[in-house]
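Numbering-wise, the sequence shown is residues -3 to 343 according to this note's numbering.
Backbone N, C-alpha and C fix where the C-beta goes; we use that ideal spot for every residue, glycine too.
Okay, structure first, notes after.
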Amino acid sequence: MIRANRPGGAWEPGFRAAYRAFMTGMDRPRRLRRTPAMRRLVAETTLEPRQLVLPMFVADGLAEPREISSMPGVYQHSMDSLRKAAAEAVGAGVGGLMLFGVPRPEDKDAVGSQASAPDGILNRGLRALTEEVGGDTVVMADTCLDEFTDHGHCGVLAGDGSVDNDATLDRYVEMALAQAEAGAELLGTSGMMDGQVGAIRAGLDAAGHIDTGILAYAAKYASAFYGPFREAVGSSLQGDRRTYQQDAANRRESLRELELDLAEGADIVMVKPAMSYLDILRDVADHSPVPVAAYQISGEYAMITAAAERGWIDRRGAILESLLGIRRAGADIVLTYWATEAAHWLS
Ligand code: PBG
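If you want it as structure tokens, here you go:
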């Protein structure tokens, strides 16, 4: 049968007539891919500068910005270079800035005191950003203790060395108040303590900070892809965060985390990391009544950067495709270390 239908085979004339008839009415999706103008017209997903948020690091006691070796092109900023980079990002049209603070090693302690000190590096940085670009973009703060604790965990420790959830909530509230006072408009609750959104919301409201919002890390997984970030913030962590961050094996659990954060008052919810968790992002986007963000993290940045440096992939194409994929999976907002550069390309 099959042999007969080959060119020159006995059944060829009949076969050709049949497939010609089929082709006459055949569906041709390629019509909509023919020209750049046609592709632009029918594109389902957009990528715009306003949808991008730039995570930034400000380090205490730096005179000059210091490049992070595992994240070429990303810097620990001095107060001066922070202002300049923020102004450049805003000039490119980015939607927001998410600031992380890097204290001097000698200023770290068991409870992360510098996180809530008004003159701690993160709070000083927030004041500088608010002064420099406030109103032109959204100033966000990382609300987590790990950069400030000498043990590197996201919370305070109990006597047995475990991370004490409820004692940590008190510290998060103190940190949140200091950040709101320093001008932060959205607080990124990245510590994965139970009840963190509710505790911070109640603390902010009680202090009159009713307009300070919460960007809740609803789903945050324990990930090997955070590696370069640990260098970026000079992390002191020994061990891992598996008793508070989620297990990569779990999907349903993220919907539980989403529901809790919504009930506790999250204004925006986030999924992190992004690229290995696009299914989670889609689940959250399908269920969330509030805007959804995704964080393209340090290891994702490092992978594409390293492969591009070796000439193994096209850098710009890979960056834009990765961002578009994250948007397509359901993110309204994407945190990415390429925010400024991508915004320049897009505008
Ligand atoms: C911790 C925190 C981490 C990141 C943001 N906040 C790392 C971690 O949980 O260990 C990672 C960001 C990145 O990798 O780009 N509060």
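Excluding sequence positions up to five away, which residues of its chain have a Cβ less than 8 angstroms from the Cβ of residue i?
i, result
"V38", "L28"
"Q241", "M188, K216, Y217, A218, S219"
"L319", "L43, L48, Q292, V330, T332, W334, A338"
"D282", "G326"
"A289", "V49, L211, I264, V265, M266, V267, A327, D328, I329, V330, L331"
"Q234", "H147, G148"
"A303", "I309, A314"
"A83", "E128, V129"
For residue i, does the count of other Cβ atoms within 10 angstroms reach 16, so buried, or fall short, so exposed?
i, result
"K268", "buried"
"D243", "exposed"
"T208", "buried"
"G307", "exposed"
"G157", "exposed"
"E260", "buried"
"T31", "exposed"
"E40", "exposed"
"T301", "buried"
"R197", "buried"
"G10", "exposed"
How is residue i classed by DSSP in three states: helix, strand or coil?
i, result
"M52", "strand"
"V129", "helix"
"H73", "strand"
"A137", "strand"
"E63", "strand"
"D236", "coil"
"I(-2)", "Summary for I(-2): the model assigns pLDDT 49, below 50, so the residue's position carries little reliability, and this model does not support an answer."
"K80", "helix"
"V330", "strand"
"D105", "strand"
"I117", "helix"
"V267", "strand"
"V159", "strand"
"M94", "strand"
"A290", "strand"
"T185", "strand"
"G209", "strand"
"Q242", "strand"
"L43", "coil"
"T145", "strand"
"M22", "coil"
"A325", "coil"
"A14", "helix"
"A215", "strand"
"L37", "helix"
What whole-angstrom Cβ distance do residue i and residue j have, given they're in contact under 8 angstroms?
i, j, result
"M19", "V49", "Actually they are not in contact, since the Cβ atoms of M19 and V49 sit about 48 angstroms apart, beyond 8 angstroms."
"R120", "M171", "Rounded, the Cβ-Cβ distance is 14 angstroms, inconsistent with contact."
"A195", "L173", "Rounded, the Cβ-Cβ distance is 12 angstroms, inconsistent with contact."
"A262", "V193", "5 angstroms"
Excluding five sequence neighbours on each side, which residues of the same chain lie with their C-beta closer than 7 angstroms to the C-beta of residue i?
i, result
"G108", "L141, F144, T145, R167"
Leaving aside the five residues before and after residue i along the sequence, list all residues of the same chain whose C-beta is less than 6 angstroms from its C-beta, in chain order.
i, result
"G92", "V49, T133, V134, M136"
"I276", "A215, S250, V267"
"L258", "none"
"G21", "none"
"M(-3)", "The pLDDT assigned to M(-3) is 45, lower than 50, so where the model puts this residue is not dependable, and the model offers no usable value."
Any heavy atom of the ligand NAD closer than 7 angstroms to the beta-carbon of residue i?
i, result
"S186", "As presented, the structure is devoid of the ligand NAD, carrying the ligand PBG as its sole ligands."
Looking at chain C, is there any beta carbon in it that lies within less than 8 angstroms of the beta carbon of residue i?
i, result
"C140", "In the structure shown, chain C does not exist; there is a single protein chain."
**Request:** Report yes or no: do three or more beta-carbon pairs, one from the stretch 335 to 343 and one from the stretch 312 to 321, lie closer than 8 angstroms?
**Result:** yes
key: Inter-stretch contact (C-beta, 8 angstroms, three-pair minimum) for the stretch 51 to 69 and the stretch 222 to 233   = yes
For the 8 angstroms Cβ check, are there 3 or more pairs between the stretch 94 to 103 and the stretch 46 to 61?
yes
| task | Would you be able to state if there are at least three C-beta pairs under 8 angstroms between the stretch 288 to 295 and the stretch 330 to 338? | result | yes
Point to revise | Cβ contact (3+ pairs, closer than 8 angstroms) linking the stretch 76 to 87 and the stretch 146 to 159 | key: no
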